[in-house]
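Participant:
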Amino acid sequence: MFRHPERRHARAAAHALVWASLAAALALTGCTGEPSTPSPSQTSAPASGSPAPIVTPSAAPVIVPGGTAEENLPVFSMVTAAVWASPQQVSGRAYVDALVTAGFDKSAMQVTYDESTVGDPAESIQFAVRWGDECLVGQVGPSTGSPVTVVVPALSEGTCLVGSTRPIDW
250 MFRHPERRHA RAAAHALVWA SLAAALALTG CTGEPSTPSP SQTSAPASGS
300 PAPIVTPSAA PVIVPGGTAE ENLPVFSMVT AAVWASPQQV SGRAYVDALV
350 TAGFDKSAMQ VTYDESTVGD PAESIQFAVR WGDECLVGQV GPSTGSPVTV
400 VVPALSEGTC LVGSTRPIDW
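Right, dumping it as structure tokens:
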């Protein structure tokens, strides 16, 4: 099949944008030292000799069905952090299943393989949920360190992830 050079260049530019966005998110996450999930709020401590401060958990984020990808990033990030803290932290299926449980559409998801083509554990895995013209993308794994979650534009092909992805057939 003959491909137009302009399309190939546009696709390459879109792919470069996705990877640049992920790289920027990785860099920013490493620089801020901030957790990707909300932390508990704390009231101010009374004068010394008084009881310890009261810690109250902040409200858990919820899916906003008519909202933007950015509005749903807190839920996506919370689910990602929860799976990362579990024994299944490098299982793509665990992220997909947890995101479905949280209310995301399984048919709008992509996930990369847990193993390399030679059977070694993947250095990182990516998973994504298409949300309108944007994508909620997560990356986890030994080479990533802390989980990374970002919102990026969908690719021109209508997908979120570049390269080969695993069928979500369960």
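Just so we're on the same page, the numbering used here is the position in the sequence shown counted from 1, plus 249.
Don't be surprised by glycine CBs; every beta carbon is placed ideally from N, CA and C.
A quick note: this is a predicted structure, and the numbers were derived from the prediction, not measured.
With burial defined as no fewer than 16 other Cβ atoms inside 10 Å of the residue's Cβ, what is the status of A377: buried or exposed?
Facilitator: Locating residue 377 in the sequence shown gives position 128, where the first residue counts as 1. Buried: at least 16 other Cβ atoms inside 10 Å.
Participant: I'd like the span of the alpha helix (DSSP H) that includes L348, first residue to last.
Facilitator: Along the sequence shown, one-based indexing puts residue 348 at 99. Taken as a continuous stretch (DSSP letters only), the alpha helix (DSSP H) holding L348 covers G341 to A351.
Participant: Pull up the DSSP beta-bridge partners for Q375, would you.
Facilitator: Within the sequence shown, residue 375 is the residue found at index 126, counting from 1. According to DSSP, which records beta bridges pairwise, Q375 is partnered with Q388.
Participant: Does the count of Cβ pairs from the segment 363-372 and the segment 323-338 closer than 8 Å reach three?
Facilitator: Cβ pair count under 8 Å is below three, so no.
Participant: Thinking P409 and V389 are a contact (beta carbons under 8 Å), I'd like their distance in whole angstroms, please.
Facilitator: Walking along the sequence shown from the start, residue 409 turns up at place 160. Walking along the sequence shown from the start, residue 389 turns up at place 140. Pro is not the amino acid found at residue 409; the sequence shown has Cys there. Wrong, their Cβ atoms sit about 15 Å apart, outside the cutoff.
Participant: With a threshold of 6 Å on Cβ separation, who are the neighbours of P323 within its own chain once the five nearest residues in sequence on each side are excluded?
Facilitator: Within the sequence shown, the letter at position 74 stands for residue 323. Same-chain partners within the cutoff: P310.
Participant: Excluding five sequence neighbours on each side, which residues of the same chain lie with their C-beta closer than 8 Å to the C-beta of I312?
Facilitator: As a position in the sequence shown, residue 312 is number 63, starting the count at 1. So the qualifying residues of the chain are N321, V324, A351, G352 and F353.
Participant: Got a sec, what are the start and stop residues for the alpha helix (DSSP H) T329 sits in?
Facilitator: By one-based count along the sequence shown, residue 329 stands at place 80. Segment A318 to W333, the alpha helix (DSSP H) holding T329.
Participant: Between the C-alpha atoms of V339 and I374, what's the straight-line distance to the nearest angstrom?
Facilitator: Working through the sequence shown from its first residue, we reach residue 339 at position 90. Working through the sequence shown from its first residue, we reach residue 374 at position 125. Their backbone Cα atoms lie some 7 Å apart in a straight line.
Participant: According to DSSP, which residues form a beta bridge with E383?
Facilitator: Taking the sequence shown and counting its residues from 1, one reaches residue 383 at position 134. E383 is bridged to W380 and P402.
Participant: For W419, count neighbouring Cβ atoms within 10 angstroms of its own Cβ and tell me buried if that reaches 16, exposed if not.
Facilitator: Within the sequence shown, numbered from 1, the residue matching residue 419 stands at position 170. Exposed is the call here.
Participant: For chain B, find out if any of its Cβ atoms is closer than 8 Å to the Cβ of F376; answer yes or no.
Facilitator: Of the protein chains in the structure, only one exists, and it is not chain B.
Participant: Taking all protein chains shown into account, decide if G341 is buried (16 or more other Cβ within 10 angstroms of its Cβ) or exposed.
Facilitator: Numbered from its first residue, the sequence shown carries residue 341 at position 92. Label assigned to G341: buried.
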